[in-house]
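>
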Amino acid sequence: MASTLFDKLWDQHVIADLGEGWALLHIDRVLLHDLSGARALAEIAERGHAVARPELVFATPDHAVSTALGRTGESFAKGAATLAGLRQRARETGVRLFDLGQPGNGIVHVMAPELGIVLPGLSLVCGDSHTCTNGGVGALAFGVGASELTHVLATQTLMQRRPRNMRLRFEGALSPGVTAKDMILHAIGRLGTAAGTGFAVEYAGSAVRALPVEARLTLCNLSIEMGAKIGMVAPDDATFEFLAGRRFAPKGAAWDAALAVWKRLPSDPDARFDADHLIEAAEIQPQVTWGTSPEQVLPVSGRVPDPAEAPDAARRAAWAAALDYMGLVPGQPIAGTKVDWVFIGSCTNSRISDLRAAAAVLRGRKVAEGVTAWVVPGSEQVKRDAEAEGLHRLFLDAGFEWREPGCSLCVAANGEVVPPGARCVSTSNRNFVGRQGTGSRTHLASPAMAAAAALAGRIVDVRQFMA
Amino acid sequence: MEKFITITGPAAPLLWANIDTDMIIPVQRLVGASRTGLGPYGFERFRYRADGSENPDFPLNREPFRGSPILLAGPNFGCGSSREGAVWALMGMGVRCVIAPSFGDIFFNNCFQNGLLPVRLPEEVVRRIAEETEASPGNARTTVDLERQVVVTPWGEEVSFAVDARKKEAMLEGLDEIALTKRRAEEIAAWQARDRAARPWAWESVVE
Numbered sequence: 162m163a164s165t166l167f168d169k170l171w172d173q174h175v176i177a178d179l180g181e182g183w184a185l186l187h188i189d190r191v192l193l194h195d196l197s198g199a200r201a202l203a204e205i206a207e208r209g210h211a212v213a214r215p216e217l218v219f220a221t222p223d224h225a226v227s228t229a230l231g232r233t234g235e236s237f238a239k240g241a242a243t244l245a246g247l248r249q250r251a252r253e254t255g256v257r258l259f260d261l262g263q264p265g266n267g268i269v270h271v272m273a274p275e276l277g278i279v280l281p282g283l284s285l286v287c288g289d290s291h292t293c294t295n296g297g298v299g300a301l302a303f304g305v306g307a308s309e310l311t312h313v314l315a316t317q318t319l320m321q322r323r324p325r326n327m328r329l330r331f332e333g334a335l336s337p338g339v340t341a342k343d344m345i346l347h348a349i350g351r352l353g354t355a356a357g358t359g360f361a362v363e364y365a366g367s368a369v370r371a372l373p374v375e376a377r378l379t380l381c382n383l384s385i386e387m388g389a390k391i392g393m394v395a396p397d398d399a400t401f402e403f404l405a406g407r408r409f410a411p412k413g414a415a416w417d418a419a420l421a422v423w424k425r426l427p428s429d430p431d432a433r434f435d436a437d438h439l440i441e442a443a444e445i446q447p448q449v450t451w452g453t454s455p456e457q458v459l460p461v462s463g464r465v466p467d468p469a470e471a472p473d474a475a476r477r478a479a480w481a482a483a484l485d486y487m488g489l490v491p492g493q494p495i496a497g498t499k500v501d502w503v504f505i506g507s508c509t510n511s512r513i514s515d516l517r518a519a520a521a522v523l524r525g526r527k528v529a530e531g532v533t534a535w536v537v538p539g540s541e542q543v544k545r546d547a548e549a550e551g552l553h554r555l556f557l558d559a560g561f562e563w564r565e566p567g568c569s570l571c572v573a574a575n576g577e578v579v580p581p582g583a584r585c586v587s588t589s590n591r592n593f594v595g596r597q598g599t600g601s602r603t604h605l606a607s608p609a610m611a612a613a614a615a616l617a618g619r620i621v622d623v624r625q626f627m628a
Numbered sequence: 015m016e017k018f019i020t021i022t023g024p025a026a027p028l029l030w031a032n033i034d035t036d037m038i039i040p041v042q043r044l045v046g047a048s049r050t051g052l053g054p055y056g057f058e059r060f061r062y063r064a065d066g067s068e069n070p071d072f073p074l075n076r077e078p079f080r081g082s083p084i085l086l087a088g089p090n091f092g093c094g095s096s097r098e099g100a101v102w103a104l105m106g107m108g109v110r111c112v113i114a115p116s117f118g119d120i121f122f123n124n125c126f127q128n129g130l131l132p133v134r135l136p137e138e139v140v141r142r143i144a145e146e147t148e149a150s151p152g153n154a155r156t157t158v159d160l161e162r163q164v165v166v167t168p169w170g171e172e173v174s175f176a177v178d179a180r181k182k183e184a185m186l187e188g189l190d191e192i193a194l195t196k197r198r199a200e201e202i203a204a205w206q207a208r209d210r211a212a213r214p215w216a217w218e219s220v221v222e
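These protein sequence lines map, in sequence, to chains W and F.
So the first sequence is numbered by the working numbering: it starts at 162 and just counts up by one.
So the second sequence is numbered by the working numbering: it starts at 15 and just counts up by one.
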C-alpha cells in the first residue's frame, strides 16, 4: 500500500500497537533545554527511575539564560538554579550537555540539526512545542509536556495516538523578498491556527523543494502555530548535503547505509492524505502579523481588518480584543505603523542564512532613531560563523546589538523583555499577549522584513530596500 | 496522578477562542517552579489588574465560578507552548475538567497525565451550558461522569463524549504510565535489538 512520509516515519518506530490508534513508539533522540529538561531529569531521579539511554539525550541551556555579551549562567539570577540543576543532573546521568560558550550550545532546535543530532528517519522529542522545527530534515519530531518527557527519559519510549496525514503544497516560484517565514505565515493566515490540530503536516511542492534546509526548518517551526505538533519536509539531496560531515551524522559505510534508508522515506507518488492543501507560491507577499494570534496576519500591503466585517461573533470579539491590545485602528494600512523594537533571533529565524538575509538589507544603512534593535544568533556556532564573515560588524555599524545565543526576546523567560506598550517587529513565532513581556506588542515577520523595519522605524515592505 | 470519576459544580464560562498556554500561565512563573503552587498565577494577566487587585470582569473571579471544578472554553483551548504548567495552574485553581469544542494537541495529552479531564463537546452545547449557567449561576450545575462518558447539562440532558479507553482507565485508576511501560521492558529490549541490527547508524552515530 502507498505510504506517506509520515506513515513511514511512524511505522518505523512502533514497538507495540495499543489499539484505538495508540502505539508505543521508540524515541531515537531526546533534546533537553534548561526549563523543561532540568525539571524532567530532577523528576525521574525523585521518582526513582534512571535515564534509560543517556547516550541518546542531548541538553543545552537556552530559555532562562541571559544573552548579554559576557554573560554567565548566573547573569539571569532567576534562571541560575535551573541551569545549575541541569548541569548537575547531566553530570550524574551521563547526558551530554552543551554549556554556555561551548560549540554546540544554542537554541535547542538550532543546535540539533547543526550537530546532526536529528537525522532523516529518526524520532525525536523535546519538552518544547517548537520541536516540530526538526522535521525540516525529514524526521518525526514533536513537542511533549513534562510528564511525557519524563516517560521518554525513563523508558526511551512514548505512548502516542497516531495523527492523520495532511499535505500542504506550495507550487511555483517565490517572488523576490518572500521567504519561508512568509510562506508559513501566509498558510496559517489562510487555514487558521487550528487547521493542523490532530494532523502531521508534510510540506511539499516545487517551492518547498527549492528551499535550502535552513529555510525548511523555519517552515516546519511554525507547524505548531497551525495546530500541528508535527511538521515535515521529505529528505532529498539538499538534506543529505546539509547533514554530511556533521558531528553526530553517520560517517563512511554507516552514512551509505543510512542514505539508502533515507532515500526511501519520501511519500509514495500515489499516497493519500486525509487533508490536502495547495498554495500558489507566486501569490505570497511578505507577511506581517497585526494581532495576537499567528493567524491574524496580512501581506505588508494590507490593511488592518475591521471586527465589524469578521465572519462570526467569536472572531469579531477576538479581532476587537487584539486590535485593542495592539493599539491599532481598523482599516489602517499595516505598513507605516511605528516600531520601537526589532528582534532578529529565535528557533524560527536565527540561523546563519537568516542573519545573512537581514545583513543584506542593512548593509551601509542605519537603524532609525528611537528603535532598539537586537540580533541574537541561534547558537554558538552561528555566532562564530557570523563573526568570521564579519556580519557582527555590519549589524553593529547599522546600530544593532550583537548578543550571545539563546531564546531571549522570543520567550522573555530570561529577564529580556520588550517594555509594556512597546511595539516590536520580531522574527520569532508567537505574537501572543505578553509573549515578549507584559504589555508588549509583537509583529511577526521575516528577518529581511525585520531589518527593513529597523531601518525605517516603521513596518515597511522590505522590497523597497532591495535594489 | 489524581483519580477522576465524577465531578459536579457550576461550569465557569471562558469562551474565548484560541486560549494559549501562555495565557493560562506566563513562562516567567515556570522558571524554577514545581508542579504545585501555580494556582495563584493561573490566567494572571487577565485575572488581576495592573495594581495586583482582582479584575472583577474576569469570569473566574465571580461567584460561584471561583474555584469551579469545570471550565467551559472556546475552540483550540491550550494551543501554543507545550508547558505542562498550564495544566498544573488550572488544577491549582481547582479545575478538574475543561469542556471545549477542541484542544491543542500537546495540552490535550498533558491533561491526561495529571488527572485533568479534557472533554470535547460541540460548540453549541458548550455555549448553551454557559448561557444556562449564567442565567442561574446560583443553581445551575453541570456533572461530568467519566465512567459513563456523559456530561449532565444544567437542563438535565445527558450528552455523551468520546474518550480513549486506555486514557479513561488510566484516569479512573490513577495509573502510572511509566510503571505500565516498564512492564514491557522485554518487548522494548527485543525491539531495540532488532532495530539496532536494521538501523545501526541510528544508534552508533551518537558514539564518539
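Cβ atoms here follow ideal geometry from the backbone N, Cα and C, with glycine treated the same way.
From a predicted model like this one, the values you see are computed outputs, not experimental measurements.
Thinking just about the alpha-carbon of each residue, which of 594(W), 223(W) and 167(W) is nearest to the one in residue 198(W)?
Taking the first sequence and counting its residues from 1, one reaches residue 198(W) at position 37. Among 594(W), 223(W) and 167(W), the Cα nearest to that of residue 198(W) is on 223(W).
> What would DSSP say about residue 562(W), mapped onto helix, strand or coil?
To locate residue 562(W), count along the first sequence from 1; it is residue 401. Residue state, collapsed to three classes: strand.
> With a threshold of 8 Å between beta carbons, is residue 345(W) in contact with chain F?
What you label residue 345(W) is simply residue 184 of the first sequence in a count that begins at 1. Closer than 8 Å: no.
> Is residue 17(F) close to chain W, meaning its C-beta is less than 8 Å from at least one C-beta of that chain?
If you number the second sequence from 1, residue 17(F) lands on position 3. False, the Cβ-Cβ gap to chain W never drops below 8 Å.
> Buried or exposed for residue 176(F), please, with buried defined as at least 16 other CB atoms from any protein chain shown within 10 angstroms of its CB.
Position 162 of the second sequence holds residue 176(F). It counts as exposed.
> At 8 Å on the CB atoms, spell out the chain F contacts of residue 176(W), in chain order.
Here the question's residue 176(W) lines up with position 15 in the first sequence. Within chain F, the residues near residue 176(W) are 198, 201, 202 and 205.
> Across which residues does DSSP place residue 18(F) in a beta bridge pair?
In the second sequence, counting from the first residue as 1, residue 18(F) sits at position 4. In the DSSP output, where bridge partners are listed per residue, residue 18(F) has none listed.
> Do the CB positions of residue 278(W) and residue 403(W) come within less than 8 Å of each other?
If you number the first sequence from 1, residue 278(W) lands on position 117. If you number the first sequence from 1, residue 403(W) lands on position 242. Not a contact, by the Cβ cut-off of 8 Å.
> What do you reckon, are the CB atoms on residue 174(W) and residue 301(W) nearer than 8 Å?
Translated into positions along the first sequence, residue 174(W) becomes position 13. Translated into positions along the first sequence, residue 301(W) becomes position 140. Yes, the pair counts as a contact, with Cβ atoms nearer than the cut-off.
> Counting only the same chain and skipping the five closest in sequence on each side, list residues whose C-beta sits under 7 Å from that of residue 388(W).
Stepping through the first sequence from its first residue, residue 388(W) is reached at position 227. Taken in chain order, the residues that qualify are 354, 355, 356, 357 and 358.
> Based on Cα-Cα distance, which residue from 66(F), 50(F), 155(F) and 165(F) lies nearest to residue 107(F)?
Against the second sequence, residue 107(F) aligns to sequence position 93. The shortest C-alpha separation from residue 107(F) is found at 50(F).
> Would you say residue 69(F) faces chain W, with C-beta separation under 8 Å as the test?
Within the second sequence, numbered from 1, the residue matching residue 69(F) stands at position 55. No, no contact with chain W.
> If you scan the segment 166-195 of chain W from start to end, which runs of the beta strand (DSSP E) of 3 or more residues do you find wholly inside it?
Segments of the beta strand (DSSP E) lying fully in the segment 166-195 of chain W: 175-180, 183-187 and 190-194.
> If we ignore side chains and look at the alpha-carbon of each, how far apart do residue 289(W) and residue 417(W) end up?
For the purposes of this step, residue 289(W) is taken as residue 128 along the first sequence, with counting starting at 1. For the purposes of this step, residue 417(W) is taken as residue 256 along the first sequence, with counting starting at 1. Approximately 32 Å, taken between the alpha carbons.
> Terminal residues of the continuous alpha helix (DSSP H) containing residue 266(W)?
Translated into the one-based positions of the first sequence, residue 266(W) becomes position 105. Careful: residue 266(W) lies outside any alpha helix (DSSP H) and carries neither H nor E.
> Would you list, in chain order, the members of the segment 402-413 of chain W that have their beta-carbon closer than 9 Å to a beta-carbon of chain F?
So the list reads 408, 409, 410, 411 and 412, given in the order they occur along the chain.
> Ends of the beta strand (DSSP E) at residue 94(F)?
The residue given as residue 94(F) occupies position 80 in the second sequence. Note, residue 94(F): premise wrong, no beta strand (DSSP E); not H, not E.
> Comparing alpha-carbon positions, which option in 324(W), 176(W), 607(W) and 575(W) lies nearest residue 200(F)?
Taking the first residue of the second sequence as 1, we reach residue 200(F) at position 186. The candidate whose alpha carbon is nearest that of residue 200(F) is 176(W).
> Nearest chain F C-beta to residue 593(W) closer than 8 Å, yes or no?
Reading the first sequence from its first residue, position 432 is the one you call residue 593(W). Yes, its Cβ sits closer than 8 Å to a Cβ of chain F.
> Any C-beta of chain W within less than 9 Å: which residues of the segment 103-121 of chain F qualify?
Those residues of the segment 103-121 of chain F that come within reach of chain W (Cβ to Cβ, closer than 9 Å) are 116, 117, 118, 119, 120 and 121.
> If we ignore side chains and look at the alpha-carbon of each, how far apart do residue 182(F) and residue 161(F) end up?
Locating residue 182(F) in the second sequence gives position 168, where the first residue counts as 1. Locating residue 161(F) in the second sequence gives position 147, where the first residue counts as 1. Cα to Cα, residue 182(F) sits roughly 8 Å from residue 161(F).
> Apply the 10 Å Cβ neighbour rule to residue 48(F) and answer buried if 16 or more other Cβ atoms are within range, or exposed otherwise.
Numbered from its first residue, the second sequence carries residue 48(F) at position 34. When all chains shown are included, residue 48(F) counts as exposed.
> Using a Cβ-Cβ distance cut-off of 8 Å, determine whether residue 33(F) contacts chain W.
Along the second sequence, read from residue 1 onward, the residue named residue 33(F) stands at position 19. It does not; no Cβ of chain W falls within 8 Å.
> What is the C-beta distance between residue 522(W) and residue 228(W), in whole angstroms, given that I count them as a contact (C-beta under 8 Å)?
Walking along the first sequence from the start, residue 522(W) turns up at place 361. Walking along the first sequence from the start, residue 228(W) turns up at place 67. Contact doesn't hold; Cβ gap of about 22 Å is too wide.
> Are the segment 20-35 of chain F and the segment 61-81 of chain F in contact at 8 Å, needing three or more beta carbon pairs?
Result yes; three or more Cβ-Cβ pairs closer than 8 Å.
> For the segment 434-462 of chain W, list every residue whose C-beta sits within 7 Å of some C-beta in chain F, in sequence order.
Listed by position along the chain: 454.
> Output, in sequence order along the chain, the residues in the segment 199-232 of chain W whose CB is closer than 7 Å to any CB in chain F.
Going along the segment 199-232 of chain W in chain order, one finds 210, 216, 217 and 225 with a Cβ nearer than 7 Å to chain F.
> In chain order, what residues of the same chain lie with their CB nearer than 6 Å to the CB of residue 376(W), ignoring the 5 residues before and after it?
Locating residue 376(W) in the first sequence gives position 215, counting from the first residue. Once the five neighbours on either side are set aside, the close Cβ partners of residue 376(W) are 341.
> Counting contacts by CB-CB distance shorter than 8 Å, is residue 418(W) in contact with chain F?
Within the first sequence, the letter at position 257 stands for residue 418(W). So, interface residue.
> Under 8 Å between C-beta atoms, does residue 82(F) make it to chain W?
In the second sequence, counting from the first residue as 1, residue 82(F) sits at position 68. False, the Cβ-Cβ gap to chain W never drops below 8 Å.
> From the DSSP output, in three-state form, read off residue 159(F) for me.
Stepping through the second sequence from its first residue, residue 159(F) is reached at position 145. In the structure shown, residue 159(F) sits in a strand (DSSP, three-state: E or B).
> Skipping 5 residues on each side, what residues in its chain have a beta carbon closer than 6 Å to that of residue 411(W)?
As a working mapping, residue 411(W) is identified with position 250 in the first sequence. Closer than 6 Å at Cβ, skipping near neighbours: 419.
> Going by other Cβ atoms of all chains shown within 10 Å of its Cβ, with 16 needed for buried, is residue 153(F) buried or exposed?
Here residue 153(F) refers to the residue found at position 139 when the second sequence is read from its first residue. So residue 153(F) counts as exposed.
> Please identify the residue among 577(W), 595(W), 591(W) and 441(W) whose C-alpha is closest to the C-alpha of residue 339(W).
As a first step, residue 339(W) is located in the first sequence; it is residue number 178 there, counting from the start. Answer by Cα proximity: 441(W).
> Mapping DSSP to helix, strand and coil, what is residue 424(W)?
On the first sequence, position 263 is the one that residue 424(W) refers to. Three-state result, residue 424(W): coil.
> On the three-state DSSP scale, how would you describe residue 412(W)?
Position 251 of the first sequence, counting from 1, holds the residue named residue 412(W). In the structure shown, residue 412(W) sits in coil (DSSP, three-state: anything other than H, G, I, E or B).
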